[in-house]
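For the sequence shown, UniProt numbering begins at 1 and goes up steadily by one.
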Amino acid sequence: MRTHNTNVVEFAQTVSCTKKFRHDYPIPEPLKKLLLIDIYHDFTGFVLSQYLSEAQPFIDEFLSFHPTQSNKKFSLEQNLFWWYVLYQNSVNDEMNVIDQYVLENKMKYRKKQIIPAWLNEWGKAVPKFYLIRNKHDQQKYIIEDILNRKEVEVSLNNEDFYFHEGALVAGILIPIGNSVYFPVVDFYNFTYETSVEILTHILFYYKNYYDTTTSAYQLFLHLFSAALQIENQIIEKTNEQA
Numbered sequence: 001m002r003t004h005n006t007n008v009v010e011f012a013q014t015v016s017c018t019k020k021f022r023h024d025y026p027i028p029e030p031l032k033k034l035l036l037i038d039i040y041h042d043f044t045g046f047v048l049s050q051y052l053s054e055a056q057p058f059i060d061e062f063l064s065f066h067p068t069q070s071n072k073k074f075s076l077e078q079n080l081f082w083w084y085v086l087y088q089n090s091v092n093d094e095m096n097v098i099d100q101y102v103l104e105n106k107m108k109y110r111k112k113q114i115i116p117a118w119l120n121e122w123g124k125a126v127p128k129f130y131l132i133r134n135k136h137d138q139q140k141y142i143i144e145d146i147l148n149r150k151e152v153e154v155s156l157n158n159e160d161f162y163f164h165e166g167a168l169v170a171g172i173l174i175p176i177g178n179s180v181y182f183p184v185v186d187f188y189n190f191t192y193e194t195s196v197e198i199l200t201h202i203l204f205y206y207k208n209y210y211d212t213t214t215s216a217y218q219l220f221l222h223l224f225s226a227a228l229q230i231e232n233q234i235i236e237k238t239n240e241q242a
């Protein structure tokens, strides 16, 4: 009978042999650091340099119709940027940012097959809404997809963030092995007092939009827009009553 530890070693993903990144298989700690630090910063820097100017008009227009609190504006901008990049990546073959990056670094990564395999998972990521369920430690949370009710473990790099249980957030999750994920940028964190009402409306709008929206990215943007408007209305009403 094989032990649990034997299975971990047997199924661990390696830098040179992994051609398909498995969400549930573990990866060695040094490789995890390589992906989360070196590759993450290099790839996201590449994406920003290539597409920020193109995405900016969309971001500016969206922000003009969805005012938010100043301390959350940067998070909103970042999540909108990555929505734009991944959406364009899904509908426009000429703008496959992952293939472009891998091609430019072909020689550097030729013996590190796990890197393009991992980056391919970015292209499959879709922004979603999540409820904070439990906190494991300072940087790990259990969160629940509000639509399919599946729970996932999330690792956060920013120790300054603290989420209350039941808080509603939106973001894009990337796998890092062993069934653990991390947000590509900080979650957009809805004001805690608005979470319940926003959640009710999102689930209602989801039923209305689902049959008429073919793109998961467009569906999210419709729901995100509605959620932000509801959040702003509740905050304004609360301030008026104060």
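We put the beta carbon where it would ideally sit given N, CA and C, even for glycine. This one's a predicted model, so the numbers in the text were calculated from it and none came from an experiment.
Beta-carbon contacts of residue i that lie in its chain and below 8 Å, excluding the five residues immediately before and after
i, result
"Ile146", "Lys128, Phe129, Tyr130, Leu131, Leu168, Leu199, Ile202, Leu203"
"Ile59", "Glu77, Leu80, Phe81, Tyr84"
"Asn232", "His66, Pro67, Thr68"
"His164", "Ile132, Tyr192"
"Lys73", "Leu63"
"Val8", "The predicted model places Val8 with a pLDDT of 43, which falls under 50 and marks its position as unreliable; any figure quoted below should be read in that light. Around Val8: Pro26."
"residue 268", "The structure shown has nothing for residue 268, since the chain only spans 1 to 242."
"Leu86", "Trp122, Gly123, Ala125, Val126, Pro127, Ile172, Tyr217"
"Tyr205", "His222, Leu223, Ala226"
"Ser215", "Tyr87, Ser90, Val91"
Assumed close pair residue i, residue j - CB separation to whole angstroms, cut-off 8 Å
i, j, result
"Phe187", "Asn157", "With a Cβ gap of about 12 Å, Phe187 and Asn157 do not count as contacting."
"Gly123", "Asn89", "6 Å"
"Gly171", "Ser195", "So it is not a contact: roughly 15 Å between Cβ atoms."
"Ile115", "Ile39", "6 Å"
"Ser37", "Glu121", "First, the residue type needs correcting, since residue 37 is Ile and not Ser in the sequence shown. The pair is not a contact, with the Cβ atoms about 17 Å apart (cut-off 8 Å)."
"Lys32", "Ile176", "6 Å"
"Tyr210", "Leu221", "In fact, because the Cβ distance is near 14 Å, the residues do not count as touching under 8 Å."
"Tyr217", "Val126", "6 Å"
"Ile143", "Glu197", "Wrong, their Cβ atoms sit about 20 Å apart, outside the cutoff."
"Val180", "Glu153", "5 Å"
"Tyr101", "Phe46", "5 Å"
"Ala117", "Phe21", "4 Å"
"Lys106", "Val15", "So it is not a contact: roughly 16 Å between Cβ atoms."
Extent of the continuous alpha helix (DSSP H) run through residue i
i, result
"Asp60", "40-65"
"Val226", "Note on residue identity: the sequence assigns Ala, not Val, to residue 226. Run containing Ala226: 216-241, per the alpha helix (DSSP H) assignment."
"Asn79", "70-91"
"Glu29", "29-33"
6 Å CB neighbourhood of residue i in its chain, flanking five on each side removed
i, result
"Tyr140", "According to the sequence provided, residue 140 is Lys. The question's Tyr does not apply to it. If we look at Lys140 and ignore the five residues flanking it on each side, its Cβ neighbours are Ser155."
"Ser75", "Asp186, Tyr188"
"Leu119", "Ile98"
"Leu34", "none"
"Tyr109", "Ile115"
"Lys135", "Tyr141"
"Tyr51", "Val85"
"Ala55", "Phe81, Tyr84"
Range covered by the beta strand (DSSP E) that runs through residue i
i, result
"Asp99", "Element bounds for Asp99: not the beta strand (DSSP E) but the alpha helix (DSSP H), 97-104."
"Glu151", "151-155"
"Pro116", "It is not in any beta strand (DSSP E) - Pro116 instead sits in the alpha helix (DSSP H) that spans 114-122."
"Val196", "Element bounds for Val196: not the beta strand (DSSP E) but the alpha helix (DSSP H), 195-210."
"Tyr171", "Per the sequence shown, residue 171 should be read as Gly rather than Tyr. It spans 168-171 - the beta strand (DSSP E) in which Gly171 sits, taken as one unbroken run."
"Leu131", "128-135"
"Asp145", "140-145"
"Val180", "180-183"
Spatial neighbours of residue i in its chain, beta-carbon cut-off 7 Å, leaving aside the 5 residues before and after
i, result
"Phe224", "Ala170"
"His41", "none"
"Leu228", "His66, Thr68"
"Lys237", "none"
"Arg2", "For Arg2, the predicted model reports a pLDDT of 38, less than 50, meaning its position is unreliable; a value from the coordinates is still stated below. Cβ within range, chain order: n/a, list empty."
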